[in-house]
Structures are given as structure tokens and as C-alpha cells.
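Student: Sharing a structure, written as C-alpha cells. Questions coming.
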Amino acid sequence: MKNASIIGLKEADCKKIAEKLNVLLANYSVFYQNTRGSHWNIKGDQFFTLHPKFEELYNSLVLKIDEIAERILTLGATPAHNYSDYLQVATIKESKEVTDGNKSVEQILSSFKVVIDLQRELLDITDEAGDEGTNSQMSDYITEQEKEVWMYNSYLGK
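Numbers 1 to 158, taken from the UniProt record's numbering, label the letters of the sequence shown in order.
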């Protein structure tokens, strides 16, 4: 955690934040792969609507995966990178249903709930630690994702 003192944070705080970020990274990685699966395998009359929407989402997720990993490195820790490790800590589970549009959208909404909840936990931890960098990142993600939740819920007629 050699970066901690340079960026003005305590090593113990950096370690705690990085551990929680690795859990978030694992969840984002499973979320990403589930979304890719839905993008590739979607069938039916919703194909032309959902296929590009899922691509838009997984492109956004892969950017966030990179940003989270880089934030972990900034804090002086090592980002996890094995799917076997991700599957052990992720709350989001691998999706088996990737052809039905509505089920895929419901899975996406469920995944958003998991990552938003984790990001809110990180807001509390980073606020207490004075970690504005991670705090700002999480806040930006939440703002964007709340709108996505509204849109996906609207698609389902909710």
C-alpha cells in the first residue's frame, strides 16, 4: 500500500476499500459476462431492440471493470483477475437463461441492484476514510445506473 501516504489516505483504509472494490470487481465481471451471453443468444421479437441495448450495456460494464481495477491499483492493492475467484465472492451468479428477453432484462435489473448496493456501501466507507477518488467514482456510477434501472423497468412495463 505504498501509494496510501502519497495520496493522503491511511494504509488500513486503502486495504479495506480495495477489498470491497475487489468484491465489486467480481460482481461487475459476472454481470458483464451474463450481459454478453444475453447479447449473443437473445431470440424472438425483442431481438432488434435488446441486442444493441445489451451491447451498449456490456461496453459500459467493461469500462467500469477497468476503472475499478485501476482504482484498486491506485490504492496500492492487486485487483483479482480469475473468474474462479470472482465466482467465489460475487453475489451475482452466472445466468443460465440468456435467450428470453424479459428474463434477461430482469437479470440485468437484479445485477444492477447488487452493484448499486455495493457502491452505496463503498460510499460510506470511502466517506469515512476521506477517499474522494473512490467516492466520486461510485457516486458517478450510481447516478448513471439509477437511470438505467428506470429505463429497463420501463421496458418491462413497470
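All residues carry an ideal CB built from backbone N, CA and C; glycine is no exception.
1. Which residues in the same chain have their Cβ closer than 8 Å to the Cβ of residue 135, if we skip the five residues on either side of it in sequence?
2. Helix or strand or just coil, what does DSSP make of residue 106?
3. Using a 10 Å radius around the Cβ and a threshold of 16 neighbouring Cβ atoms, would you call residue 2 buried or exposed?
4. From this set, 129, 140, 88 and 92, which residue's C-alpha is nearest residue 113's C-alpha?
5. So which of 13, 105 and 28 has the shortest CA-CA distance to residue 119?
6. If you drop the 5 nearest sequence neighbours on each side, which residues of the same chain put their C-beta closer than 7 Å to that of residue 59?
7. Given residue 139, which residues of its chain have a CB within under 7 Å of its CB, disregarding the five upstream and five downstream residues?
8. With a threshold of 8 Å, are at least 3 pairs of Cβ atoms found where one atom belongs to the segment 81-88 and the other to the segment 102-109?
9. Is the CB-CB distance between residue 17 and residue 75 below 8 Å?
10. So is residue 75 in contact with chain C if we call contact Cβ pairs under 8 Å?
Tutor: Let's see:
1. Contacts found: 122, 123, 126 and 127.
2. In the three-state scheme derived from DSSP, where H, G and I count as helix and E and B as strand, residue 106 is classed as helix.
3. When all chains shown are included, residue 2 counts as exposed.
4. Ranked by Cα distance from residue 113, the first of 129, 140, 88 and 92 is 92.
5. Measuring from the Cα of residue 119, the nearest candidate turns out to be 28.
6. Within the same chain, residue 59 has no close Cβ partners at all.
7. Taken in chain order, the residues that qualify are 123.
8. Contact annotation: the segment 81-88 does not touch the segment 102-109, with fewer than three C-beta pairs closer than 8 Å.
9. Residue 75 sits close to residue 17, with the two beta carbons spaced by under 8 Å.
10. The chain labelled as chain C is not found in the depicted structure, where only one protein chain is given.
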